[in-house]
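Q: Mapping to numbering that gives the first Met the number 0: the sequence shown position 34 is 33, numbers consecutive. Beta carbons: idealized from backbone N, C-alpha and C, even for Gly. Just so it is clear, the structure is predicted and the values come from calculations on it, not from any experiment.
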Amino acid sequence: MFPKTPGGELAGGGLLALWIVLITGGNCWLLLFLAGKAGTAVWFLTASVMNYYLLAARSLRDESMKSTAPDRGKGGGGASGSFHDRRRDTDRLDAEGITRAAVETVAENASDGVIAPLLYLLAGGPVLGWAYKAINTMDSMVGYRNDRYLYFGRRQPAWTIWQT
Numbered sequence: 000m001f002p003k004t005p006g007g008e009l010a011g012g013g014l015l016a017l018w019i020v021l022i023t024g025g026n027c028w029l030l031l032f033l034a035g036k037a038g039t040a041v042w043f044l045t046a047s048v049m050n051y052y053l054l055a056a057r058s059l060r061d062e063s064m065k066s067t068a069p070d071r072g073k074g075g076g077g078a079s080g081s082f083h084d085r086r087r088d089t090d091r092l093d094a095e096g097i098t099r100a101a102v103e104t105v106a107e108n109a110s111d112g113v114i115a116p117l118l119y120l121l122a123g124g125p126v127l128g129w130a131y132k133a134i135n136t137m138d139s140m141v142g143y144r145n146d147r148y149l150y151f152g153r154r155q156p157a158w159t160i161w162q163t
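1. Using only the alpha-carbon positions, how far apart do residue 45 and residue 25 sit?
2. Kindly give me the distance between the Cβ atoms of residue 59 and residue 112, rounded to whole angstroms, as I take these residues to be in contact under 8 Å.
3. In or out: residue 22 buried (at least 16 other Cβ within 10 Å) or exposed?
4. Would you call the CB atoms of residue 125 and residue 31 closer than 8 Å?
5. Excluding the 5 residues flanking residue 123 on each side, which residues of the same chain have their C-beta closer than 6 Å to its C-beta?
6. If you draw a straight line from the alpha carbon of residue 165 to that of residue 36, how long is it in whole angstroms?
7. Can you round the beta-carbon distance between residue 137 and residue 56 to whole angstroms, since I take them to be within the 8 Å contact cut?
8. CB residue 109 to CB residue 19, shorter than 8 Å?
9. In this structure, does DSSP put residue 6 in helix, strand or coil?
10. Exposed or buried, what is residue 75 when buried is set at 16 or more other beta-carbons lying within 10 Å of its beta-carbon?
11. Quick one: what's got a C-beta closer than 6 Å to residue 1's C-beta in the same chain, skipping five residues either side?
12. Inspect the beta-carbon positions of residue 53 and residue 120 and report whether they are closer than 8 Å.
13. So the alpha helix (DSSP H) residue 97 belongs to, where does it begin and stop?
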């Protein structure tokens, strides 16, 4: 559909992002619209369930607790603990490095999974909250570079897309 050029890949990635946000937000809006037709109580229940699943509070708790468990796989009591982060080689970190990595990970996950979704919920309800969640998830999945999709998920200013 798009040419195998940097500009074509950027356009394809942009179209994917737009499509996913529109589908996510549109489905949320449609679900709430239909729930509203069934009555206020049904709408409220539907919106509440959507808000509950939007927030990742339990996941945040579970992941943060992993960083405090003792290291059982390395002879017990090692400085590295059982904290593992896919972005860091935690086997080479000392106890202070593990603590810094764990605090940074919990803070980032709190921002991405709880604080930002709450702000979007306040600004635009479940529709905007889920649109944010779609963008945030795409950033985690499509935003990483690799040789095959170097430009597809690349963050680049809009005015430079067609110059490449």
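A: Taking the definition as stated:
1. Residue 45 sits at position 46 when you count from the first residue of the sequence shown. Residue 25 sits at position 26 when you count from the first residue of the sequence shown. Going by the C-alpha atoms only, they are around 15 Å apart.
2. The residue given as residue 59 occupies position 60 in the sequence shown. The residue given as residue 112 occupies position 113 in the sequence shown. That pair is a contact at about 5 Å.
3. Along the sequence shown, read from residue 1 onward, the residue named residue 22 stands at position 23. With fewer than 16 Cβ atoms within 10 Å of its Cβ, residue 22 is classed as exposed.
4. Counting from 1 along the sequence shown, the entry for residue 125 is found at position 126. Counting from 1 along the sequence shown, the entry for residue 31 is found at position 32. Going by C-beta atoms, residue 125 is nearer than 8 Å to residue 31.
5. In the sequence shown, counting from the first residue as 1, residue 123 sits at position 124. Counting only Cβ-Cβ distances below 6 Å, and skipping sequence neighbours, we find nothing.
6. Residue coverage of the chain in this structure runs from 0 to 163, which leaves residue 165 outside it and unanswerable.
7. Start at 1 with the first residue of the sequence shown, and residue 137 comes out as number 138. Start at 1 with the first residue of the sequence shown, and residue 56 comes out as number 57. With 8 Å as the limit, residue 137 and residue 56 do not qualify as a contact, their Cβ atoms being about 22 Å apart.
8. Here residue 109 corresponds to residue number 110 of the sequence shown, with the count starting at 1. Here residue 19 corresponds to residue number 20 of the sequence shown, with the count starting at 1. No, the Cβ-Cβ distance between residue 109 and residue 19 is not below 8 Å.
9. Counting from one through the sequence shown, the residue named residue 6 turns up at place 7. Residue state, collapsed to three classes: helix.
10. Position 76 of the sequence shown, counted from the first residue, corresponds to residue 75. Annotation note: pLDDT 41 at residue 75 (below 50); position unreliable, no value reported.
11. Position 2 of the sequence shown holds residue 1. Contacts found: 7, 10, 11.
12. The count along the sequence shown starts at 1 and reaches residue 53 at position 54. The count along the sequence shown starts at 1 and reaches residue 120 at position 121. Their beta carbons are under 8 Å apart, which means residue 53 touches residue 120 by this criterion.
13. Reading the sequence shown from its first residue, position 98 is the one you call residue 97. Its alpha helix (DSSP H) spans residues 94-109.
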